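Chains as they are written, first to last, in this note's numbering: chain A, 1 to 272; chain B, 1001 to 1316.
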Amino acid sequence: MEKLFNLENVRYQYNQFQQALVNVSFDIEKGEILSIIGSNGSGKSTLLHILAGLVFPTSGILKFENHEISESALNKKDFNAYFRQNVGYIFQHADAQLFCPTVLDEILFGPQQKLMKKEEAMDIAFSLMKMLNIEYLKDRPTYMLSGGEKKKVAIAAVLAVNPQVLIMDEPTSSLDPKTRSFIIELIFSLNEAGKTIILTSHNLEMISHFQSRVAVLSENHTIERIGMPEDVLNDTEFLIKNNLISEHMHKHGTHIHKHLPGSLFFHKHDRL
Amino acid sequence: MTEIPSFLLINNPVTLHEVKKNDKKFRFSFIEQTLNSSGKFISTTVFQYHSALFKGILQQLNPVVKLLMLLVGTTGIALIHSVLFQLILSFLIFLLVAFSKLRLRSFYKRVLTLVLIFGIIPTLPIYFNWITPGKPALELIKSGCSFNFWIYHVPNSLYISYEGIHHALRLEIKVLNSLALSLLIIHTTQFVDIVKAASRLKAPAIFLLIITLSHKLIFIFTKVLEDSFLGLKSRWWRKIDENASRQIVGNRFLLVFNKTWHRYDQTYKAMIARGFNGTIEHGYQKQLNRLDILFLLLFIVVLSTAVTISNVFQLY
Chain A
1 MEKLFNLENV RYQYNQFQQA LVNVSFDIEK GEILSIIGSN GSGKSTLLHI LAGLVFPTSG
61 ILKFENHEIS ESALNKKDFN AYFRQNVGYI FQHADAQLFC PTVLDEILFG PQQKLMKKEE
121 AMDIAFSLMK MLNIEYLKDR PTYMLSGGEK KKVAIAAVLA VNPQVLIMDE PTSSLDPKTR
181 SFIIELIFSL NEAGKTIILT SHNLEMISHF QSRVAVLSEN HTIERIGMPE DVLNDTEFLI
241 KNNLISEHMH KHGTHIHKHL PGSLFFHKHD RL
Chain B
1001 MTEIPSFLLI NNPVTLHEVK KNDKKFRFSF IEQTLNSSGK FISTTVFQYH SALFKGILQQ
1061 LNPVVKLLML LVGTTGIALI HSVLFQLILS FLIFLLVAFS KLRLRSFYKR VLTLVLIFGI
1121 IPTLPIYFNW ITPGKPALEL IKSGCSFNFW IYHVPNSLYI SYEGIHHALR LEIKVLNSLA
1181 LSLLIIHTTQ FVDIVKAASR LKAPAIFLLI ITLSHKLIFI FTKVLEDSFL GLKSRWWRKI
1241 DENASRQIVG NRFLLVFNKT WHRYDQTYKA MIARGFNGTI EHGYQKQLNR LDILFLLLFI
1301 VVLSTAVTIS NVFQLY
């Protein structure tokens, strides 16, 4: 497989006392789904911000298709256009990325920059709205939407550019069960079409469905392990150590007892 | 939810050759850049909790002492009229910044930006003979006659006077010293300790409430601004038409203020839910030690000596 992203000793610190990432090195291959998991504050979102070229490593090198991603590289118009069209980023809190007056404007923002014809851009926007059941919101200002609706609009706006890489920070958070299942299905289909998906999630069960690599960020802000879900998610001791699972309480009638989550997250399924 | 649109199922990556060769710098609009830079400036100037954790000289002092230093210091700076003495004070503040292990370059960059806004721009008219008559240093415009305009007398020539330069510089250096001292205290003390110290010095509760809530509001505002700029950055690569661009800028202003208000409202409700009743409890406070008292006394002695000498001998 061809390398898409390459990270070498990437370190990121907010200030002298706050490390976000420490010596992170790994590759992301073209066409794979990479799930990044880790406890709160382990640096997942920062890692995604770095991969999306929104912040830059304090030290170390990040490459995309063998081109170094740095502030100076993205300051060049042509390289910025190339990178932004290829890499789409869906934020954890969708309202951060919505800035156009209405939902339709938001979705048309990408196609407009691609200098697409109006009819073609409209077709794309309406097909995405139909897919996500948000046609009725098209003229609504984005700040008047609920959390789930905002997330759907953000997904549609990013997909409108049809990027080859989709970076998704907690893609299913704040979504209703039906939309959540659809997003998982969408991730599968986009990946089948050859797109690379990088996502973070606390939902280990969802990740186990992808049957693709899992990277674990430890509380020390390093990549603790990277491997297939059957190796990572079945290692209970490792998951407890990295604060990814913990004992929880159950009540059966009057009897309360504690135990670890059921026998494990990894269930092998055939691909859809 | 229905079918996935067919265009999404085609992976058609954009190559670097496809995008028109354009080595020009990618820039956001002037307003976007200003908004982003202002947010960054505010957050790095106001929220410096990590530098309060450095092992420097001021960080070791009790917040009450630092607050008293600020009050005495700014009063003293206002009372000293000698430029030479003000320069000596600047040097002493510089030493305190260095011994507090703050990054000199970034600290003075912030101070000088604020001096430009609050010191240099407001004092610009003082340089000219319209406001401060005196000996010409640099003649700018010479017209045939003088005339009166409203309450002003417009002389027949416009020039920068030596007296104007002296007065303006004296004011600017006072602003520089006051701001440097204020930022030094802010950067070496946790905000919560400043509020606690102010409460110990019997500052009115309403004042403390206002500054606490304002601090929270500024924090939320800069965070929303920062997040929203990252969102824009992730999706913007080409200049779009002026009209759409204007709408986006306007809409972003609206969104930023709307989100700030919304989050602030939630924060306030959370405070109410946790029993907030209009007074802020300040918890435990540190006791003054010998070093605190010695440092404060030394500071007061140096400053009062400078004020006395400067005023008794009428040094300007």
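A virtual CB, placed ideally from N, CA and C, is assigned to each residue, including glycine.
The structure displayed is predicted, hence computed values, not measured ones.
Nonlocal neighbours in the same chain, by C-beta distance under 8 Å from residue i, ignoring five residues either side
i          : result
A:Asn-15   : none
A:Glu-68   : Ile-61 and Leu-62
B:Asn-1366 : This structure leaves residue 1366 of chain B out entirely; chain B is present only between 1001 and 1316.
B:Leu-1201 : Val-1064, Leu-1067 and Leu-1068
B:Gly-1231 : none
B:Ile-1185 : Leu-1058, Lys-1066, Leu-1067, Met-1069, Leu-1070 and Ile-1194
A:Ala-215  : Phe-26, Leu-34, Ser-35, Ile-36, Ile-37, Ile-223, Arg-225 and Ile-226
B:Ser-1245 : Ser-1029 and Lys-1239
B:Lys-1259 : Val-1224 and Ser-1228
Presumed contact (8 Å Cβ cut-off) between residue i and residue j, rounded CB distance
i          : j          : result
B:Ser-1310 : B:Ser-1082 : 4 Å
B:Glu-1163 : B:Gly-1144 : In fact, because the Cβ distance is near 25 Å, the residues do not count as touching under 8 Å.
A:Lys-30   : A:Leu-51   : In fact, because the Cβ distance is near 14 Å, the residues do not count as touching under 8 Å.
A:Thr-172  : A:Lys-44   : Not really, about 15 Å apart at Cβ, beyond 8 Å.
A:His-257  : A:His-250  : 6 Å
B:Tyr-1159 : B:Glu-1139 : 4 Å
Check whether residue i and residue j have beta carbons under 8 Å apart
i          : j          : result
B:Asp-1292 : B:Val-1154 : no
B:Gln-1247 : A:Pro-101  : yes
B:Ser-1234 : A:Tyr-89   : yes
B:Leu-1222 : B:Glu-1172 : Per the sequence shown, the amino acid found at residue 1222 of chain B is Thr instead of Leu. Contact flag unset, no.
A:Leu-233  : A:Ser-208  : yes
B:Ser-1178 : B:Ile-1077 : yes
A:Phe-17   : B:His-1050 : yes
A:Met-168  : A:Ile-197  : yes
A:Ser-218  : A:Asn-242  : yes
A:Leu-186  : B:Ile-1004 : yes
B:Phe-1041 : B:Ala-1306 : no
A:Met-206  : A:Ile-184  : yes
A:Val-158  : A:Ile-134  : no
A:Phe-99   : B:Arg-1252 : yes
B:Val-1097 : B:Leu-1104 : yes
Own chain partners of residue i with C-beta closer than 7 Å, once the 5 adjacent residues on each side are dropped
i          : result
A:Asn-86   : Pro-163, Gln-164 and Val-165
B:Ile-1031 : Val-1249
A:Gly-147  : Ser-174
B:Leu-1035 : Leu-1225
B:Ile-1120 : Glu-1172
A:Leu-104  : Ala-125, Lys-138 and Asp-139
A:Lys-151  : Ala-94, Ser-174 and Leu-175
B:Leu-1303 : Val-1072, Gly-1073 and Gly-1076
A:Gln-13   : Gln-19, Ala-20 and Thr-58
A:Phe-266  : Note that A:Phe-266 has pLDDT 47, beneath the 50 cutoff, so the model's placement of it is unreliable and no number is given.
Same chain, Cβ closer than 6 Å to residue i, five either side skipped, listed in chain order
i          : result
B:Thr-1132 : Ile-1126, Ser-1161, Glu-1163, Gly-1164 and His-1167
A:Ser-263  : Interpretation of A:Ser-263 is limited by its pLDDT of 49, a score under 50 that renders its predicted location unreliable; no figure is taken from the coordinates.
B:Thr-1188 : Ala-1052, Leu-1058, Gln-1059 and Ser-1100
A:Arg-271  : Confidence at A:Arg-271 is low in this model, with a pLDDT of 45, below 50, so the placement of that residue is unreliable and no value is reported for it.
Given residue i as reference, the closest of the options once Cα atoms are compared
i          : options                                           : result
A:Ser-39   : A:His-248, A:Thr-222 and A:Lys-251                : A:Thr-222
B:Lys-1109 : B:Val-1019, B:Thr-1045, B:Thr-1123 and B:Ile-1206 : B:Thr-1045
B:His-1017 : A:Asp-231, A:Lys-178 and A:Tyr-82                 : A:Tyr-82
B:Leu-1112 : B:Leu-1092, B:Ala-1180 and B:Leu-1217             : B:Ala-1180
B:Ser-1157 : B:Asn-1129, B:Lys-1216, B:Arg-1027 and B:Leu-1294 : B:Asn-1129
B:Ser-1037 : B:Ser-1228, B:Trp-1236 and B:Phe-1299             : B:Ser-1228
A:Met-122  : A:Glu-149, A:Phe-99, A:Phe-91 and A:Val-161       : A:Val-161
B:Leu-1217 : B:Trp-1261, B:Gln-1190 and B:Ile-1206             : B:Trp-1261
B:Leu-1008 : A:Tyr-136, A:Glu-230 and A:Ala-193                : A:Ala-193
B:Val-1360 : B:Leu-1087, B:Gln-1314 and B:Ser-1182             : It is not possible to answer for residue 1360 of chain B, since the shown part of chain B is limited to 1001 through 1316.
B:Leu-1176 : B:Phe-1094, B:Ile-1141, B:Asn-1243 and B:Ser-1214 : B:Phe-1094
A:Arg-11   : A:Phe-238, A:Thr-46 and A:Ser-246                 : A:Thr-46
(request) Could you tell me whether the region 100-119 of chain A touches the region 59-67 of chain A, where touching means 3 or more Cβ pairs closer than 8 Å? (result) no
(request) Could you say if the region 1263-1280 of chain B and the region 1034-1048 of chain B meet the contact criterion of at least three C-beta pairs nearer than 8 Å? (result) no
(request) Determine, using beta-carbon pairs with one atom in the region 7-26 of chain A and one in the region 69-79 of chain A, whether at least three such pairs fall under 8 Å. (result) no
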